[in-house]
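Our numbering numbers the first residue of the sequence shown as -12 and each following residue consecutively. Notes follow the structure.
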Amino acid sequence: MDQFKGKTALVTGAGDGIGEMLAKGLASLGMSVGVLDIREDAAARVATEIGGDAFALTADVSDRDALATAAEAVKDRGQGLSLLWINAGAGVGANLIEGKPSTIEWAYSVNVLGAIWTAQAFMPLVRETEGARHLGVTASTASLRDPDMPLTLYGATKQAVFAVAEGLRNEVAEEGVGTTILCPGLLNTKIWDGARARPERFGGPRSMDPSISKRWDEAKTPDIMWPHIEAKIAAGGGYLVCNTEGRVREVNAARAKQITDAFVDV
């Protein structure tokens, strides 16, 4: 993808997991990658491992002022921003009816509002940049109603992220900005332990019981998605659902049939 070689990209939530994979993959295309994470040490580690023109930024995506400061730092580099990937998210093991208010506010502030605030902070810079431009948004197959990931608090936020991604795609399509909406399945990431970086205003960090991570630890690693992501970006964007557990297609087809069968003419 020569159109992005030498250009600047920014990935949120890039301190590990899917975000780290995206940052390193974009760097392999010859891009200068901004690694943004709420954890300064994690962002610095990934940027150091990438080397070259990679740079680290620290910001909480639920904090609009922090994102605005980060966007100014990217603008001050004077290279524009050709690719933005909205990826940051928090895994939340709570439900909607009984969840603590601070937990629910945190989940929606990071996963949903964080996606919107990130777009508001960085998309103006993307719009100002000449040449090929691309927007990526990481949702989840939880947004497609995986029965092993019931639509409680986490799944509900991921359905909302998918809707936000659709809205963003519609807003930038006529400007020639390609959009990739990524829905990963279960992968070996640390999202199950997202509370380790919970801001103080949402109750502060929590140390999750590592015994709950077995399902994630045994899953495939995020790097298996990169060839498909690279191809999707090269094609100008679109949907990318990664069927890591071998049955997301069937689950989604069954859900689509349920919806279609419910149609009535009024």
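Note that the Cβ used here is the ideal one computed from N, Cα and C, for glycine as well. Predicted model, so just to flag it, every value in this text is computed and none were measured.
Residue i versus the options, residue with shortest Cα-Cα distance
{"i": "VAL48", "options": "ILE91, LEU13, LYS87, SER96", "result": "SER96"}
{"i": "TRP93", "options": "MET8, PHE(-9), GLY191, GLY225", "result": "GLY191"}
{"i": "LEU68", "options": "LEU13, ALA34, ASP24, GLU27", "result": "LEU13"}
{"i": "ASP210", "options": "ASP3, ASP248, VAL253, ARG236", "result": "ASP3"}
{"i": "ASN239", "options": "VAL113, CYS170, GLY118", "result": "CYS170"}
{"i": "GLY123", "options": "ALA75, SER19, GLN(-10), ASP248", "result": "ALA75"}
{"i": "GLY165", "options": "ILE246, GLY225, ASP50, ASP(-11)", "result": "GLY225"}
{"i": "VAL151", "options": "PRO111, ASN98, ALA182, GLY38", "result": "ASN98"}
{"i": "ALA46", "options": "GLY233, ASN230, GLU158, ALA184", "result": "ALA184"}
{"i": "GLY17", "options": "LEU174, GLY80, GLU217, PHE189", "result": "GLU217"}
{"i": "ALA10", "options": "GLY38, ALA249, PHE189", "result": "GLY38"}
{"i": "ALA58", "options": "ALA243, ARG242, TRP104, PHE109", "result": "PHE109"}
{"i": "LEU155", "options": "ALA1, SER19, LEU100, ASP24", "result": "LEU100"}
{"i": "THR128", "options": "VAL20, LYS(-8), GLY233, VAL253", "result": "GLY233"}
{"i": "LYS(-8)", "options": "VAL(-2), MET8, GLU7, VAL20", "result": "VAL20"}
{"i": "GLU162", "options": "THR208, THR139, PRO186, ARG114", "result": "ARG114"}
{"i": "GLY116", "options": "LYS(-6), ARG188, THR208, PHE149", "result": "The displayed chain sequence assigns Thr, not Gly, to residue 116. For THR116, the nearest C-alpha among the options comes from LYS(-6)."}
{"i": "PHE149", "options": "PHE250, ILE246, THR208, ALA102", "result": "ALA102"}
{"i": "PRO186", "options": "THR56, SER89, MET8, GLU7", "result": "SER89"}
{"i": "THR56", "options": "SER198, LYS219, LEU112", "result": "LEU112"}
Endpoints, the beta strand (DSSP E) within which residue i is located
{"i": "LEU44", "result": "42 to 45"}
{"i": "TRP72", "result": "70 to 73"}
{"i": "GLY165", "result": "164 to 170"}
{"i": "VAL124", "result": "120 to 125"}
{"i": "SER15", "result": "Per DSSP, SER15 belongs to no beta strand (DSSP E); it is in the alpha helix (DSSP H), 4 to 15."}
{"i": "LEU227", "result": "224 to 228"}
Start and end residues, alpha helix (DSSP H) containing residue i
{"i": "TRP93", "result": "88 to 95"}
{"i": "VAL61", "result": "51 to 63"}
{"i": "THR35", "result": "27 to 37"}
{"i": "THR247", "result": "235 to 248"}
{"i": "ASP204", "result": "201 to 204"}
{"i": "VAL159", "result": "140 to 159"}
{"i": "TRP179", "result": "Taken as a continuous stretch (DSSP letters only), TRP179 belongs to no alpha helix (DSSP H), as it is neither H nor E."}
{"i": "ALA81", "result": "First-last for ALA81: undefined, no H or E at that position."}
{"i": "GLU115", "result": "101 to 115"}
{"i": "PRO214", "result": "213 to 221"}
Under 8 Å between C-beta atoms of residue i and residue j
{"i": "VAL22", "j": "ALA53", "result": "no"}
{"i": "THR144", "j": "ILE5", "result": "no"}
{"i": "GLY142", "j": "VAL235", "result": "no"}
{"i": "LEU71", "j": "THR167", "result": "no"}
{"i": "TRP179", "j": "MET195", "result": "yes"}
{"i": "ALA206", "j": "ARG193", "result": "no"}
{"i": "ALA160", "j": "GLN(-10)", "result": "no"}
{"i": "ALA221", "j": "MET(-12)", "result": "yes"}
{"i": "LEU174", "j": "THR125", "result": "no"}
{"i": "GLY0", "j": "ASP24", "result": "yes"}
{"i": "VAL79", "j": "LEU(-3)", "result": "no"}
{"i": "ILE73", "j": "ALA106", "result": "yes"}
{"i": "ARG255", "j": "TRP104", "result": "Absent from the model: residue 255. The displayed extent of the chain is -12 to 253, so no value can be given."}
heavy atom of the ligand GTP below 7 Å from residue i C-beta
{"i": "SER96", "result": "Annotation note on the ligand GTP: not contained in the displayed structure, which lists no ligands."}
Paired residues, beta bridge with residue i - DSSP
{"i": "ALA(-4)", "result": "VAL20, LEU70"}
> Does the stretch 202 to 212 come close enough to the stretch 57 to 70 that 3 or more CB-CB pairs lie under 8 Å?
Replying inline: no
> Okay, do the stretch 30 to 44 and the stretch 74 to 94 touch, 3+ Cβ pairs below 8 Å being the bar?
Replying inline: no
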